[in-house]
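Participant:
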Amino acid sequence: MLDIKWIRENPQALDAALAKRGAEPQAASLVALDEKRRAVIARLQDMQSRRNAASKEIGAAMAQKNMELAEKLKAEVATIKDAMPEAEQEEREVSAALDDMLSRIPNIPHDDVPVGEDEGGNVVARVVGEKPRWNHVAREHFEIGEALGYMDFDRAAKLSGSRFTVLTSQLARLERALGQFMIDLHTGEHGYTEVSSPLMVRDEAMFGTGQLPKFSEDLFKTTDGRWLIPTAEVTLTNLVSNEILDQEKLPLRFTALTPSFRSEAGSAGRDTRGMLRQHQFWKCELVSITDQESSLEEHERMTACAEEVLKRLGLHFRTMTLCTGDMGFGARKTYDLEVWLPGQNAYREISSCSVCGDFQGRRMNARYRGKEDKATRFVHTLNGSGTAVGRCLIAVLENYLNEDGSVTIPDALLPYMGGLTKIEKA
Numbered sequence: 023m024l025d026i027k028w029i030r031e032n033p034q035a036l037d038a039a040l041a042k043r044g045a046e047p048q049a050a051s052l053v054a055l056d057e058k059r060r061a062v063i064a065r066l067q068d069m070q071s072r073r074n075a076a077s078k079e080i081g082a083a084m085a086q087k088n089m090e091l092a093e094k095l096k097a098e099v100a101t102i103k104d105a106m107p108e109a110e111q112e113e114r115e116v117s118a119a120l121d122d123m124l125s126r127i128p129n130i131p132h133d134d135v136p137v138g139e140d141e142g143g144n145v146v147a148r149v150v151g152e153k154p155r156w157n158h159v160a161r162e163h164f165e166i167g168e169a170l171g172y173m174d175f176d177r178a179a180k181l182s183g184s185r186f187t188v189l190t191s192q193l194a195r196l197e198r199a200l201g202q203f204m205i206d207l208h209t210g211e212h213g214y215t216e217v218s219s220p221l222m223v224r225d226e227a228m229f230g231t232g233q234l235p236k237f238s239e240d241l242f243k244t245t246d247g248r249w250l251i252p253t254a255e256v257t258l259t260n261l262v263s264n265e266i267l268d269q270e271k272l273p274l275r276f277t278a279l280t281p282s283f284r285s286e287a288g289s290a291g292r293d294t295r296g297m298l299r300q301h302q303f304w305k306c307e308l309v310s311i312t313d314q315e316s317s318l319e320e321h322e323r324m325t326a327c328a329e330e331v332l333k334r335l336g337l338h339f340r341t342m343t344l345c346t347g348d349m350g351f352g353a354r355k356t357y358d359l360e361v362w363l364p365g366q367n368a369y370r371e372i373s374s375c376s377v378c379g380d381f382q383g384r385r386m387n388a389r390y391r392g393k394e395d396k397a398t399r400f401v402h403t404l405n406g407s408g409t410a411v412g413r414c415l416i417a418v419l420e421n422y423l424n425e426d427g428s429v430t431i432p433d434a435l436l437p438y439m440g441g442l443t444k445i446e447k448a
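For what it's worth, this note's numbering labels the leading residue of the sequence shown as 23, then goes sequentially.
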């Protein structure tokens, strides 16, 4: 959520930033609504001041036995009291309308973010490793998994419908090994604190991280009004909502290995085969809470932590700086890690690391108290995947495929595989 004071003082800057995102100008409408709200508040304050002053004048008039004036003042106070509820209701309605409009405005891109309309405008920041060189034919993950006998889409559809997968035996263990490896790396070497948190949250949590109100169609909702988390970013970031933290204790770094749930409402017809785009999937999430001075440096650090997962697994990938038209709603700058999938002959996103500035901190009312001046400021937040477990499993299957259809297990995962060094047909 953006600061209305900043918008009031920088309307052209807001519209220029929205134009970079391909969005329509909003400053004039926001400023007009804010002026209306401020006018209503000023009118209310004037009414309250006059009511208080008139009440004192009544006492003075009665002390002077000027009953005519006292009665006149009493009538004036009564008229003000009668008018105030309507003005208060108007103020509530205008404020709610302004808050709703502000809540739907995306974040302001950093100055160094490349300007572009869509993913075609993204820029390669770096490339790590090389594509595998084989003599045998590459295959897609679903072909490999079904041939091994450990990946079942028919039974998943029988249980739950499309965009679900059943993994069994050695592939189920490989999925678990990947998640365990990631959480161990981030807690043991990268300084993140592991968190086990709820998978269902209230409206306020989804609002705090920006999923509500604009993206409700992408979410699953329970019958009692809670939401299934689309990412542990929601719970980890909202741990500090409505709190005032000490700057000395920042940054806070949290990680969680959880299922994530997404309706994929806007993905009809995309990636319908296999487990690349699922309604339910495991992900190792990274979240940092920082002060305003260190968030950009923390962004580089977080991205490096996510990259280390792929490096340890020996996977070829590239890190992309997303352009303004491809960034998420709450991000000021985003790096996507795209892993090479030989079966698709393409790079696919496996992690997205974003710095949000105080955008989420303002929505959550999460602040920190400065070391020197003791003033409170909104925290800066960052989030990233470290990484998506299912997509990492896909990458391992396609990159470690052998000519005989077996899959070699990366060295980093061997301690988690109970002595298995290769996944072979059932």
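Every residue gets a Cβ at the ideal spot worked out from N, C-alpha and C, and that includes glycine. In this text the structure is predicted, and so the values were computed from the model without any measurement.
Identify which residue in H158, E216, A388 has its Cα closest to the Cα of D313.
Facilitator: To locate residue 313, count along the sequence shown from 1; it is residue 291. Checked all of H158, E216, A388; the closest Cα to D313 is A388.
Participant: In its own chain, which residues sit with a C-beta less than 8 Å from the C-beta of D80, not counting the 5 before and 5 after it?
Facilitator: Taking the first residue of the sequence shown as 1, we reach residue 80 at position 58. It should be pointed out that residue 80 corresponds to Ile in this sequence rather than to Asp. Cβ within range, chain order: A92, L95, K96, V99.
Participant: Just confirm the distance between the C-beta atoms of L250 and F242, as a whole number of angstroms; I'd bet it's less than 8 Å.
Facilitator: By one-based count along the sequence shown, residue 250 stands at place 228. By one-based count along the sequence shown, residue 242 stands at place 220. The pair is a contact, with the Cβ atoms about 4 Å apart (cut-off 8 Å).
Participant: Any contact between the stretch 223-230 and the stretch 191-200? By contact I mean 3 or more CB pairs, one from each, below 8 Å.
Facilitator: Flag = no, the stretch 223-230 and the stretch 191-200 do not touch.
Participant: Rounded to whole angstroms, how far is the Cβ of L189 from the Cβ of M173, which I believe are closer than 8 Å?
Facilitator: As a first step, residue 189 is located in the sequence shown; it is residue number 167 there, counting from the start. As a first step, residue 173 is located in the sequence shown; it is residue number 151 there, counting from the start. Indeed they touch by this definition, with Cβ atoms about 6 Å apart.
Participant: On the DSSP bridge assignment, give the partners of I266 in chain order.
Facilitator: As a working note, residue 266 is residue 244 in the sequence shown. For I266, which the question treats as bridged, DSSP gives the partners R389.
Participant: Can you tell me which of the three DSSP states R399 falls into?
Facilitator: Stepping through the sequence shown from its first residue, residue 399 is reached at position 377. Strand at R399.
Participant: Taking the alpha-carbon of T403 as reference, which of E113, V116, E320 has the nearest alpha-carbon?
Facilitator: Walking along the sequence shown from the start, residue 403 turns up at place 381. Minimum Cα distance to T403 is reached at E320.
Participant: From T231, K153, L200, N157, pick the residue whose C-alpha is nearest to that of Q366; which is it?
Facilitator: The residue labelled residue 366 in the question sits at position 344 within the sequence shown. With distances taken between Cα atoms, Q366 lies closest to K153.
Participant: Please state whether DSSP places E286 in a helix, a strand or coil.
Facilitator: Within the sequence shown, numbered from 1, the residue matching residue 286 stands at position 264. Coil, per DSSP.
Participant: Skipping 5 residues on each side, what residues in its chain have a beta carbon closer than 8 Å to that of T245?
Facilitator: Along the sequence shown, one-based indexing puts residue 245 at 223. Same-chain partners within the cutoff: there are none.
Participant: Please work out which residues of its chain come closer than 8 Å, Cβ to Cβ, to A178, disregarding the five sequence neighbours upstream and downstream, and give them in chain order.
Facilitator: On the sequence shown, position 156 is the one that residue 178 refers to. Same-chain partners within the cutoff: F186, T187, V188.
Participant: Thinking just about the alpha-carbon of each residue, which of K333, L442, Q382 is nearest to the one in E360?
Facilitator: In the sequence shown, residue 360 corresponds to position 338, counting from 1. Of the listed residues, the one whose Cα sits closest to E360 is K333.
Participant: Using a threshold of 8 Å, state whether the C-beta atoms of G167 and K447 are closer than that.
Facilitator: As a working note, residue 167 is residue 145 in the sequence shown. As a working note, residue 447 is residue 425 in the sequence shown. No, Cβ-Cβ distance for G167 and K447 is not below 8 Å.
Participant: Less than 8 Å separating the beta-carbons of A326 and S373?
Facilitator: On the sequence shown, residue 326 is found 304 positions in, with the first residue counted as 1. On the sequence shown, residue 373 is found 351 positions in, with the first residue counted as 1. In this structure, S373 does not lie closer than 8 Å to A326 by Cβ.
Participant: Quick one: give me the first and last residue of the alpha helix (DSSP H) that C378 is part of.
Facilitator: Residue 378 sits at position 356 when you count from the first residue of the sequence shown. No alpha helix (DSSP H) holds C378; DSSP gives it neither H nor E.
Participant: On the DSSP letters alone, give me the boundaries of the alpha helix (DSSP H) that M89 sits inside.
Facilitator: By 1-based counting over the sequence shown, the position of residue 89 is 67. 89-125 is the extent of the alpha helix (DSSP H) around M89.
Participant: Along the chain, where does the beta strand (DSSP E) that runs through I311 open and close?
Facilitator: For this step, residue 311 is matched to residue 289 along the sequence shown. Per DSSP, I311 belongs to the beta strand (DSSP E) from 302-312.
Participant: Residue ranges of each alpha helix (DSSP H) run of no fewer than 4 residues wholly in the stretch 141-176, ordered along the chain?
Facilitator: The stretch 141-176 contains these whole alpha helix (DSSP H) runs: 163-170.
Participant: What are the residues that DSSP puts in a beta bridge with R198?
Facilitator: In the sequence shown, counting from the first residue as 1, residue 198 sits at position 176. BP columns for R198 are empty, so no partner.
Participant: Hey, would you say the C-beta of T398 is under 7 Å away from at least one heavy atom of the ligand SAM?
Facilitator: The ligand SAM is not part of this structure, which contains no ligands at all.
Participant: If you count every other CB in all the chains shown that lies within 10 Å of the CB of V137, and 16 or more means buried, which is it?
Facilitator: Taking the sequence shown and counting its residues from 1, one reaches residue 137 at position 115. Burial call: exposed.
Participant: Helix, strand or coil: which one does DSSP assign to D240?
Facilitator: Counted from its first residue, the sequence shown places residue 240 at position 218. If DSSP states are grouped into helix, strand and coil, D240 belongs with the helices.
Participant: Quick one: what's Y357 bridged to in DSSP?
Facilitator: As a first step, residue 357 is located in the sequence shown; it is residue number 335 there, counting from the start. DSSP, once it has assigned bridges, lists T343, C375 as partnering Y357.
Participant: Check A317 in the structure and name its three-state DSSP category.
Facilitator: As a first step, residue 317 is located in the sequence shown; it is residue number 295 there, counting from the start. Position check: residue 317 holds Ser in this sequence, whereas Ala was assumed. The answer is helix: DSSP assigns S317 an H, G or I state.
Participant: Note down the Cα distance separating Q70 from R299, rounded to an integer number of angstroms.
Facilitator: Position 48 of the sequence shown, counted from the start, is the residue given in the question as residue 70. Position 277 of the sequence shown, counted from the start, is the residue given in the question as residue 299. For Q70 and R299, the distance between alpha carbons rounds to 57 Å.
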